[in-house]
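To convert a position in the sequence shown, counted from 1, into the numbering used here, add 32.
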Amino acid sequence: MIDDHLPAALAGRLSEAAQKSLQESVREKRLALLAAGLGLGETGTLDALARATGLPVLEVPQVDPAALSALPARLAHEYQIVPVLTGDQPEETSGLSTAPLALATAWPPNADIADWIATFTPRPLVWHLAPADRVQELINANYGVGSGSLDDADESGLAPATTGAELEADADAAVVRFVTEVISQAVTENATDIHFEPQEGELTIRYRVDGILIPVPLPENLLRFQDAIISRLKIMARMNISEKRLPQDGRIDFRAGGAALDIRVSTIPTIYAESVSLRLLNQRKMAYTMDSIGLTPAEQAQIVKVLDYPHGIILVTGPTGSGKSTSLNAFLRKINSSELRIVTIEDPIEYEVPGANQMQTHAEIGLTFASALRHVLRQDPDVIMVGEIRDLDTAEIAIRASLTGHLVFSTLHTNDAPGALTRLTDMGVEPFLVASAVELVIAQRLVRRLCPDCARKQPVDQAALRATLESMQLDPAEAAGVTALAEPVGCRSCRQTGFRGRIGLFEILQPKPLHDLIVRRESSKALGTLARAHGMRTLQQSGWERVKSGHTSLQELLRTISTSGE
């Protein structure tokens with residue numbers, strides 16, 4: 033049996049500190065640490081480990097479904113091992129009690145691991161090395177996220193000497209570990225939200241990744257712990273766990289590994305149990321720039337020109353989750369300097385801006401956007417960022433601030449850029465004030481970015497493409513010369529989705545040429561027609577450019593942008 037310590041052939045290539053760090057780390061982190069120490073990628077490190085141990089490498093391991101029951105979830109999670117199919121092992125014989133049990137792991141096993149497995153199955157073991165992220169992915173997909181923790185709670189009852197109090201303590205500890213693992217996995221998946229949703233006879237958990245809800249594979253015994261899981265989340269958020277009839281809001285400061293999260297928690301009562309939603313705000317989230325949010329050089333030039341204005345309002349508009357706060361943060365970072373006093377009013381504060389004075393609203397104590405804005409105006413600001421204009425009071429104060437020498441950033445919920453102007457007048461703001469104060473409106477959407485590792489160009493049908501472009505209110509002639517477009521495929525890098533990350537689409541409107549129409553309270557449709565005549569590029573046009581350049585797919589663009597009402 034291979035020893036758990038680092039093979040001597042590789043140990044000599046690492047410093048003592050690196051060796052110590054490697055041995056003290058958990059098994060799933062060791063391959064990455066060794067790769068860093070050797071200065072190799074994961075593939076090269078796996079090959080080096082294979083040569084040193086004599087174990088073969090499975091680059092793309094496939095799970096052996098018939099052998100899953102031979103390995104308890106607790107062992108699979110703790111030791112990061114999973115039953116796999118190999119080329120010399122027919123699938124139809126893999127479940128036989130005498131057939132060898134092929135196991136994949138990212139780190140060579142030791143004798144203790146083999147002894148533990150032997151207590152659950154008499155089958156001879158055949159070991160393989162595999163990429164750590166693929167092993168973890170197979171464990172989660174087939175045993176369920178956090179199944180090792182809940183498996184512990186179930187097995188604790190097997191010990192005859194275990195008392196009722198000990199059983200309850202074990203179950204509580206298992207639930208604590210399970211919730212931590214679900215949140216940690218969400219961070220790994222780059223999820224923005226987690227939803228715990230009680231249904232008839234089951235508790236479902238879903239992550240929102242790149243704007244899409246993804247079901248989380250869960251252990252079979254999850255329903256037994258449903259009430260305890262919901263109570264645990266409410267305790268973490270400092271909510272009243274005895275109150276199950278009313279919605280509640282709370283927050284969790286969560287730290288796991290290198291992640292520091294500010295989690296906003298919301299509960300609502302449903303017919304089966306309380307549904308709990310978590311919004312994950314990563315306090316160490318990478319700060320976005322105007323380049324990284326997807327603005328082209330031409331679009332950046334339009335925006336930067338207005339960012340240099342001493343006063344006026346810049347509005348970013350779009351539905352919830354379209355990246356408005358991210359764009360505002362990028363704009364603030366662009367103009368941030370020691371010569372400007374920047375004050376922001378947010379709910380919640382999603383990004384930290386060095387040097388800026390950032391305020392969190394608290395509606396429950398009367399600190400709303402409007403009341404906070406009144407106080408901020410007494411703070412001698414040069415630039416003010418208001419998280420959202422929700423009512424007439426906030427809108428009027430923001431416009432008054434812009435007309436008295438302040439540059440104001442804010443957001444609105446409208447479908448397109450011209451709609452932001454009519455929304456303000458619908459709120460009750462005088463049209464001449466809107467026309468005078470608003471210097472720029474940016475409507476935006478986020479589309480999923482095609483995975484660069486697996487996207488492939490596919491031939492297009494010209495007639496179908498022209499019809500699609502026409503349905504998006506684009507010129508069908510744009511299809512001329514387009515013979516192939518990139519489509520999603522799916523690979524390990526993108527977890528078989530075909531997409532990885534998101535990119536922005538932007539519609540940039542400068543209202544000054546529309547002054548007379550705004551004052552006359554013309555419709556957003558009329559404003560949009562004139563804006564396009566003055567060169568405004570619509571969201572559909574921006575998206576089509578991204579499709580042609582291979583950044584996203586045509587179907588993803590159609591999914592994201594609805595032409596109704598625009």
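By construction, the Cβ of each residue, glycine as well, lies at the ideal position given by its N, Cα and C atoms.
Open item on the list: For a test of the three-state rule: what should DSSP assign to E74, helix, strand or coil?
Closed with: E74 falls in the helix class under three-state DSSP.
Open item on the list: Restricting to runs no shorter than 4 residues, where is the alpha helix (DSSP H) found entirely within the segment 233 to 290?
Closed with: Given a length threshold of 4 residues, each whole run of the alpha helix (DSSP H) inside the segment 233 to 290 is given here in chain order: 258 to 268.
Open item on the list: My parser needs the alpha helix (DSSP H) runs of 4 or more residues fully inside the segment 462 to 507; what are they?
Closed with: Qualifying alpha helix (DSSP H) stretches, in chain order: 463 to 469 and 494 to 503.
TODO: Please classify E588: does DSSP put it in a helix, a strand, or coil?
DONE: In this structure, DSSP gives E588 a helical state, which the three-state scheme calls helix.
- [ ] Please determine if the segment 164 to 181 and the segment 251 to 262 are in contact, where contact requires at least 3 C-beta pairs separated by less than 8 Å.
- [x] With the cut-off at 8 Å, the segment 164 to 181 and the segment 251 to 262 touch.
Open item on the list: Below 8 Å on the Cβ atoms is my contact criterion, and I expect I295 with R311 to pass it. Report the Cβ-Cβ distance as a whole number of Å.
Closed with: Correct: roughly 7 Å between the Cβ atoms.
Open item on the list: Taking the beta carbon of V92 as the centre, do at least 16 other beta carbons fall within 10 Å, making it buried, or is it exposed?
Closed with: Note on V92: under 16 other CB atoms within 10 angstroms of its CB, so exposed under the neighbour-count rule.
Open item on the list: Is it the case that the segment 518 to 534 contacts the segment 424 to 442, given that we only count it when at least three CB pairs across the two stretches are under 8 Å?
Closed with: Not touching, per the Cβ criterion.
TODO: Check whether the Cβ atoms of E539 and A449 lie closer than 7 Å to each other.
DONE: Remark: C-beta atoms of E539 and A449 approach each other more closely than 7 Å.
- [ ] Decide if A143 is buried, meaning its Cβ has at least 16 other Cβ atoms within 10 Å, or exposed.
- [x] Around the Cβ of A143, a 10 Å sphere holds fewer than 16 other Cβ atoms; the residue is exposed.
- [ ] Under 6 Å Cβ to Cβ from S556, same chain only, skipping five residues before and after it: list those, please.
- [x] Excluding sequence neighbours, S556 sits near P450, G451 and T454.
Task: Spatially closest choice to V579 from V514, I273 and A558, by CA coordinates - done: It is V514 whose Cα lies nearest to the Cα of V579.
Task: Pick from V418, D414 and D458 that is closest to G437, judged by C-alpha positions - done: With distances taken between CA atoms, G437 lies nearest to D414 out of V418, D414 and D458.
Task: Reduced DSSP category for G112 - H, G, I as helix; E, B as strand; rest coil - done: Before going on, a small fix: residue 112 reads as Gln here, not Gly. Here Q112 sits in coil by DSSP.
Task: Range of the contiguous alpha helix (DSSP H) that encloses D425 - done: DSSP places D425 in the uninterrupted alpha helix (DSSP H) bounded by L424 to L435.
- [ ] Just grab the DSSP bridge partners of H394 for me.
- [x] H394 is bridged to L399.
Open item on the list: On the criterion of 16 or more Cβ atoms from any shown chain inside 10 Å, does G597 qualify as buried, or is it exposed?
Closed with: Only weak support exists for where G597 lies, its pLDDT of 41 falling under 50; the value from the coordinates is given anyway. Burial state of G597 is exposed, judged by a 10 Å Cβ sphere holding fewer than 16 other Cβ atoms.
- [ ] Return the Cβ separation of A607 and V89 in integer angstroms, given the expectation that the two are a contact with Cβ distance under 8 Å.
- [x] Since the first and last residues shown for the chain are 33 and 598, residue 607 lies out of range.
Open item on the list: In the DSSP output, which residue or residues are listed as bridge partners for P39?
Closed with: According to DSSP, which records beta bridges pairwise, P39 is partnered with nothing at all.
Task: Whether S434 touches A467 by CB criterion (7 Å) - done: One thing to note: S434 has its Cβ no nearer than 7 Å to the Cβ of A467.
- [ ] May I ask you to verify whether the segment 320 to 332 touches the segment 395 to 406, counting CB pairs closer than 8 Å and requiring at least 3?
- [x] Output reads no: the segment 395 to 406 does not touch the segment 320 to 332.
TODO: Identify every run of the alpha helix (DSSP H) within the segment 311 to 370, keeping only runs that are complete inside it and at least 4 residues long; order them along the chain.
DONE: Runs of the alpha helix (DSSP H) lying entirely within the segment 311 to 370 and spanning at least 4 residues, in chain order: 329 to 339 and 356 to 367.
Task: Integer Cβ distance of I325 from S359, believed to fall under 8 Å - done: For a cut-off of 8 Å, the C-beta gap from I325 to S359 is around 6 Å, short enough to register as a contact.
Open item on the list: Measuring only the C-alpha atoms, how far is T85 from R62?
Closed with: CA-to-CA, the gap between T85 and R62 works out to about 15 Å.
Open item on the list: Is the beta carbon of R534 closer than 7 Å to that of L478?
Closed with: It is a contact, given that the beta carbons lie within the stated cut-off.
Task: Beta-bridge pairing of I416 - partner residues as DSSP gives them - done: The partner list for I416 (beta bridge, DSSP) reads V375 and V440.
Task: Three-state secondary structure (DSSP) of A512 - done: In the structure shown, A512 sits in coil (DSSP, three-state: anything other than H, G, I, E or B).
Task: Whole-angstrom C-beta distance between L265 and V308, which should lie under 8 Å - done: For a cut-off of 8 Å, the C-beta gap from V308 to L265 is around 5 Å, short enough to register as a contact.
- [ ] Give me whichever residues DSSP pairs with I421 in a beta bridge.
- [x] Among the bridge pairs identified by DSSP, I421 is matched with none.
Open item on the list: One question on the structure: do V207 and L347 come within less than 7 Å of each other, judged by their Cβ atoms?
Closed with: With respect to the 7 Å criterion, V207 and L347 are not classified as neighbours on the basis of their beta carbons.
TODO: Report, in whole angstroms, the separation of the C-beta atoms of I314 and A288, which I expect to be a contact under 8 Å.
DONE: Sequence inspection shows Asn at residue 314; the Ile mentioned does not correspond to that position. Your pair N314 and A288 does not check out as a contact, with CB atoms roughly 12 Å apart and the cut at 8 Å.
Task: Pairwise C-alpha distance: A80 and G69 - done: Rounded to whole angstroms, G69 to A80 spans 13 Å at the Cα level.
Task: For V461 and E428, the rounded distance between their alpha carbons - done: Distance between the alpha carbons of E428 and V461: 7 Å.
Task: R106 versus L42, V158, L182 and L87, residue with shortest Cα-Cα distance - done: Per the Cα distances, L182.
Task: Option nearest T457 by Cα separation, candidates L549, Q573 and A362 - done: When each option's Cα is compared against that of T457, the closest is L549.
Open item on the list: In this structure, how does DSSP classify I381 when only helix, strand and coil are distinguished?
Closed with: DSSP places I381 in coil when its eight states are reduced to three.
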